[in-house]
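Everything below concerns the one structure shown next.
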Amino acid sequence: MKLYEKTAADLGRLFQKKEVSAVEVVRSFLDRIEKVEPYLKAFITHTPAMALETANEIDNRRMSGEELHPLAGVPIAIKDNMCTEGLRTTCASRILENFIPPYDAAVVGALKRVGMPLLGKTNMDEFAMGSSTENSAFFTTRNPWDRERVPGGSSGGSAVVVSAGMAPLALGSDTGGSIRQPASFCGLIGLRPTYGRVSRYGLIAFASSLDQIGPFSLTALDGALLMNIIAGYDPLDSTSLPESVPDYPLGLEEDVKKLRIGIIRQNVSKDFDPEVTAAVMKLVSILEENGAEIDEVSLPLTDYGLGAYYLIAPAEASSNLGRYDGVRYGHNAGGDDIESMFSRTRGEGFGPEVKRRIMIGTYALSAGYFDAFYLQAMKVRTLIRRDYAIAFNRFDLLVGATTPTPAFKIGEKTDDPLQMYLSDICNITDALAGLPSLSVPSGLHSNGLPMGTQLTAPAFQEGLLFKVANFLEQKRDPLPRWPRVELPEGGLQ
Ligand code: GLN
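Here the sequence shown stands for residues 649 to 1141, numbered as in our numbering.
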């Protein structure tokens, strides 16, 4: 088995046992990137020199006998909306095309302290607005399971690098599905942590009451190890919460007996692809056979979730993106006076979906419409929270499909924003409620594409999500690890 085929935990173990050096590990991934990246286009920026430098440093630290974290020397890729000091951070937008942050995001600092080499910054939908990575201002990323299909979004690049063996781990961000949906489309574990669990300091804001950073991994253990590094209170993020952080890998091996599990009726809808729901039910039956108690639950407000989300998120985005005026950050298109400079800069700098969101959000917040739209949406959000609170009186964990269908074709939904929005219908309500939610692979569709099951827990129960995901990993029929990447000669155009 080549190094790039191994899980992060295994790579860490080999490194600790001095069976491999961090430089060897990084080189294996760099070779793999060279081979498959031209066909998939998952990275916006490659950082091989930086990765090798960190690897070298961590090799020296190990040689000097320093005690290191289990993921020391294990490389990682990061979505390009997290600030990296001295390294271009674009948010896949023309407006930030040449933006070089003067500081590291909190999560980036944490990875550096552990000694995880950074392989690069990954492609995404512009400002994380989208579900397919087609809204990137630069290029579309391909799904390694079928290159005619999207990898999901908005963290599509991060999902692809892990799925195709270009990095053993990656970070994404999830505002309303952007980790879980691409994880399910690419056959990975993807976790959206509880709102406030991971610092958002240095994450370029989309919708601040929803944005969370989380891991993509091949296994629950890998995700748990990475969460140990990034979770925790940060005084630099005013929404970060002081709750103590458990040792996530520690509880992984516990069984699921007596666990009360509710199947969310709306997330196994008969309108979904039947193979997707059948795969959810298969995983549920494994839990039941092992002593979990299963019942159905309805979250009646679900039907209003999408509408509320597409008012709240754009409203916050319209405010957050007000700072891109050509004066303080990024692109400046010039102009005869300040008005024309603003409008030219923003007109050139933002793509169509970002403009659409800014317009919807500005409208929803404007005097005269605020009560009718934004306030209503906030009321719905409160009721959605209540739906979950009631459900969690009866259940420890809620399950359903991560997405209604497997990955769709590139171009299939680009002309119809509503169809695009509907692709993360299952990921919106728990995000609005601030809850942790994880997608675990549930099998392959008859068309060969991965499908995902979503597990949602009460706040701060990420450990439970990893435990159940780990259990399912052991008990379900094994999934093929590797996408059948068929690479044409000469790469993609
Ligand atoms: N697809 C959703 C949107 O376009 C969610 C995006 C995200 O989670 N960043 O807003």
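Backbone N, C-alpha and C fix where the C-beta goes; we use that ideal spot for every residue, glycine too.
The ligand GLN heavy atom lying under 7 Å from the CB of residue i
{"i": "Thr1051", "result": "no"}
{"i": "Ser821", "result": "yes"}
{"i": "Ser832", "result": "no"}
{"i": "Asp1078", "result": "no"}
{"i": "Phe854", "result": "yes"}
{"i": "Met777", "result": "yes"}
{"i": "Gly763", "result": "no"}
{"i": "Ala961", "result": "yes"}
{"i": "Asp1072", "result": "yes"}
{"i": "Gly824", "result": "yes"}
{"i": "Ser857", "result": "no"}
{"i": "Ser802", "result": "yes"}
Own chain, CB closer than 8 Å to residue i, minus 5 neighbours either side, in chain order
{"i": "Glu1121", "result": "Thr867, Ala868 and Val1088"}
{"i": "Asp1151", "result": "In the structure displayed, the chain extends from 649 to 1141; residue 1151 sits before or after that span and is not available."}
{"i": "Leu916", "result": "Checking the displayed sequence, the identity of residue 916 turns out to be Val instead of Leu. Same-chain partners within the cutoff: Thr925, Val928, Met929, Gly1048 and Ala1049."}
{"i": "Phe786", "result": "Ile692, Thr738, Ala740 and Asn771"}
{"i": "Met649", "result": "none"}
{"i": "Ala1117", "result": "Ile837, Ala868, Gly871, Leu1086, Val1088 and Leu1103"}
Anticipated Cβ contact below 8 Å, residue i with residue j, distance rounded
{"i": "Ile942", "j": "Val928", "result": "Not really, about 12 Å apart at Cβ, beyond 8 Å."}
{"i": "Asn771", "j": "Ala740", "result": "6 Å"}
{"i": "Leu1113", "j": "Leu766", "result": "Wrong, their Cβ atoms sit about 26 Å apart, outside the cutoff."}
{"i": "Met764", "j": "Ile724", "result": "5 Å"}
{"i": "Gly800", "j": "Ala1055", "result": "6 Å"}
{"i": "Gly970", "j": "Phe990", "result": "So it is not a contact: roughly 10 Å between Cβ atoms."}
Own chain residues within Cβ distance below 7 Å of residue i, not counting five before or after
{"i": "Ala1081", "result": "Ile1032, Arg1033 and Tyr1036"}
{"i": "Glu733", "result": "Pro749, Pro750, Tyr751 and Asp752"}
{"i": "Ala1020", "result": "none"}
{"i": "Asp859", "result": "Ser821, Thr823, Arg848, Leu851 and Ala853"}
{"i": "Lys666", "result": "none"}
{"i": "Glu796", "result": "Lys1057 and Ile1058"}
{"i": "Val671", "result": "Leu700, Ala703, Asn704 and Asp707"}
{"i": "Ile1076", "result": "Gly824, Gly825, Gly953, Leu954 and Tyr957"}
Residue nearest to residue i in terms of C-alpha spacing, selected from the options
{"i": "Gly850", "options": "Lys727, Val684, Val674 and Leu1013", "result": "Lys727"}
{"i": "Ile692", "options": "Thr737, Ser669 and Pro723", "result": "Thr737"}
{"i": "Thr762", "options": "Asp859, Glu936, Gly768 and Glu714", "result": "Note on residue identity: the sequence assigns Val, not Thr, to residue 762. If we check each option's Cα against that of Val762, Glu714 comes out closest."}
{"i": "Ile877", "options": "Asp895, Phe786 and Thr887", "result": "Asp895"}
{"i": "Leu1127", "options": "Ser779, Ser811, Phe775 and Ser669", "result": "Ser811"}
{"i": "Gly721", "options": "Leu700, Ser712 and Phe920", "result": "Leu700"}
{"i": "Gly742", "options": "Leu688, Gly778 and Gly999", "result": "In the sequence as displayed, the identity of residue 742 is Arg instead of Gly. Checking every option, the nearest Cα to that of Arg742 belongs to Gly999."}
{"i": "Glu745", "options": "Gly970, Asn1118, His979 and Asn1075", "result": "His979"}
{"i": "Ser856", "options": "Thr925, Ser966, Asp870 and Thr1030", "result": "Ser966"}
{"i": "Gly1227", "options": "Pro1131, Glu901 and Thr1051", "result": "This structure cannot settle anything about residue 1227, because the visible part of the chain is limited to 649 through 1141."}
{"i": "Leu1145", "options": "Leu959, Gly1096 and Leu907", "result": "As displayed, the chain neither begins before 649 nor continues past 1141, which places residue 1145 out of reach and without an answer."}
{"i": "Leu874", "options": "Asn708, Pro841, Arg795 and Ala670", "result": "Pro841"}
{"i": "Tyr958", "options": "Thr702, Glu1001, Ala1039 and Thr788", "result": "Glu1001"}
{"i": "Tyr1069", "options": "Gln664, Asp973, Ser826 and Glu796", "result": "Ser826"}
{"i": "Asp1063", "options": "Gly1111, Phe990, Asn783 and Gly955", "result": "Asn783"}
{"i": "Ala981", "options": "Pro883, Arg661 and Gly995", "result": "Gly995"}
{"i": "Ile909", "options": "Thr788, Asn938 and Leu1046", "result": "Leu1046"}
{"i": "Ala657", "options": "Phe1040, Arg710, Leu1083 and Ala815", "result": "Ala815"}
{"i": "Leu716", "options": "Ala776, Pro686 and Arg661", "result": "Arg661"}
{"i": "Phe1108", "options": "Ala831, Val893, Gly805 and Glu682", "result": "Val893"}
{"i": "Cys731", "options": "Val755, Arg709, Arg710 and Met711", "result": "Val755"}
{"i": "Arg1004", "options": "Asp1072, Met777, Arg1029 and Ala831", "result": "Met777"}
{"i": "His1093", "options": "Ile911, Ser669 and Cys834", "result": "Cys834"}
{"i": "Ala940", "options": "Glu987, Phe1018, Ile911 and Pro718", "result": "Ile911"}
Neighbourhood of residue i by C-beta, 6 Å cutoff - its chain only, sequence neighbours within 5 removed
{"i": "Asp1078", "result": "Ser1085 and Thr1104"}
{"i": "Arg845", "result": "Ala879"}
{"i": "Leu651", "result": "Val673 and Ser676"}
{"i": "Arg913", "result": "Glu944 and Ser946"}
{"i": "Arg790", "result": "Leu688"}
{"i": "Ile1008", "result": "Pro962"}
{"i": "Asn938", "result": "Val904"}
{"i": "Lys1061", "result": "Gln1067 and Met1068"}
Residue i, enclosing alpha helix (DSSP H) - first and last residue
{"i": "Ser991", "result": "Ile986 to Gly997"}
{"i": "Ser888", "result": "No alpha helix (DSSP H) contains Ser888, which DSSP labels as neither H nor E."}
{"i": "Val810", "result": "Gly804 to Ser811"}
{"i": "Val924", "result": "Pro922 to Glu937"}
{"i": "Leu1184", "result": "Outside the shown range of the chain, which is 649 to 1141, sits residue 1184, and nothing can be said about it."}
{"i": "Ser857", "result": "Run containing Ser857: none; DSSP gives neither H nor E here."}
{"i": "Ala868", "result": "Ala868 to Ile878"}
{"i": "Arg828", "result": "Arg828 to Cys834"}
{"i": "Leu688", "result": "Ala670 to Leu688"}
Segment limits, beta strand (DSSP E) that includes residue i
{"i": "Arg1042", "result": "Where Arg1042 is concerned, there is no enclosing beta strand (DSSP E), although the alpha helix (DSSP H) it sits in stretches over Gln1024 to Arg1042."}
{"i": "Arg908", "result": "Arg908 to Ile912"}
{"i": "Phe691", "result": "Phe691 to His694"}
{"i": "Glu1001", "result": "Run containing Glu1001: none in the beta strand (DSSP E); it sits in the alpha helix (DSSP H), Pro1000 to Leu1013."}
{"i": "Gly1016", "result": "Taken as a continuous stretch (DSSP letters only), Gly1016 belongs to no beta strand (DSSP E), as it is neither H nor E."}
{"i": "Ala657", "result": "Note, Ala657: premise wrong, no beta strand (DSSP E); alpha helix (DSSP H) at Ala656 to Gln664."}
{"i": "Leu839", "result": "Ile837 to Arg840"}
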